[in-house]
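Pasting the structure below:
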């Protein structure tokens, strides 16, 4: 009997350790995932455009296809690749982060450029839809490719934010980040793209005047919400992209920019009491964002005139 009680006590102890480990993984996944805010917001802001023009009945199936491929890519390709890099070539992670940060800066600056110079955008006329099933397949493929790039950034940023631990703890944390971010992004996208349908339903079939008024407000407000989401996503891309580059350069021993930015933030927030922390963060985020914007504008001609034509020539046949 005493042996059985001792065994049960051991099992309870193991269960407590396992529960604590699960809590640690979840907490670290939340902390690490938050570091990838810019890429996550960009992913949520970009995806709704891939269902525009389709039958509303096809919107959720299309989102499901993209979400399923996104999760598969994160868990099957990106997670093992990230863990292999972290184990055998950790020196490469800051370099990859700089490349990912530069991509975020370029994407953000390109959006700002289009807002400032809308006449540069060419009107190619109405797209020939052709076979809707074929068009859907092509749209989904394009969305999956874009998501793969953003997912690679998210996973790399999250991996860099995980403190050194055991292989399995880091892998479990990264897998939790992958699942959580995928659910958050595509759950949000599903709500966004179906919000106008809900508004129409409420405005047409609501039993009360207030319900119908709320429905009309949703329909009228969704274009503004999408525009606001795009603005927030752009600002987040520039801020996070600039911050990633500054921090990664510091990890590589080039900490001049980080020292200047932190020094400026400290000078501005000096003498403040209650708002000192917020002002310090705001100055750092603003300077990181401005740096990201400058880097992005510098990359636009390079990408447009060199990288894209070269890539097209190399892979045109494929």
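Residue numbers (my numbering): 61 to 378.
Even for Gly, the Cβ is constructed at its ideal location relative to N, Cα and C.
From a predicted model like this one, the values you see are computed outputs, not experimental measurements.
Can you say whether residue i is buried or exposed, counting buried as having 16 or more other CB atoms within 10 angstroms of its CB?
i	result
residue 256	buried
residue 299	buried
residue 167	buried
residue 348	buried
residue 331	exposed
residue 133	buried
residue 36	Here the chain comprises residues numbered 61 to 378, so residue 36 is not present and cannot be evaluated.
residue 314	exposed
residue 178	exposed
residue 199	buried
residue 123	buried
residue 182	Only weak support exists for where residue 182 lies, its pLDDT of 44 falling under 50; the coordinates are left without a value.
residue 353	buried
residue 156	buried
residue 230	buried
residue 380	Any answer about residue 380 is impossible in this case: the structure gives the chain only from 61 up to 378.
residue 303	buried
Going straight from the alpha carbon of residue i to that of residue j, what length do you get?
i	j	result
residue 152	residue 306	16 angstroms
residue 207	residue 130	7 angstroms
residue 350	residue 296	11 angstroms
residue 165	residue 270	43 angstroms
residue 119	residue 340	43 angstroms
residue 234	residue 149	17 angstroms
residue 325	residue 344	6 angstroms
residue 263	residue 310	54 angstroms
residue 242	residue 128	9 angstroms
residue 360	residue 342	27 angstroms
residue 283	residue 289	10 angstroms
residue 195	residue 116	15 angstroms
residue 144	residue 249	31 angstroms
Could you round the C-beta distance between residue i and residue j to whole angstroms and report it? I think they count as a contact, below 8 angstroms.
i	j	result
residue 203	residue 252	No, residue 203 and residue 252 are not in contact; Cβ-Cβ is about 15 angstroms, not under 8 angstroms.
residue 294	residue 171	5 angstroms
residue 275	residue 266	6 angstroms
residue 238	residue 139	6 angstroms
residue 160	residue 217	7 angstroms
residue 154	residue 312	5 angstroms
What are the start and end residues of each continuous alpha helix (DSSP H) run of 4 or more residues lying completely inside the region 229 to 305, in chain order?
none
Report the start-end ranges of each alpha helix (DSSP H) in the region 307 to 367 that is 4 residues or longer and not cut off at the edges.
316 to 329, 336 to 362
Which whole runs of the alpha helix (DSSP H) in the region 137 to 212 are 4 residues long or more, in chain order?
139 to 148, 152 to 176
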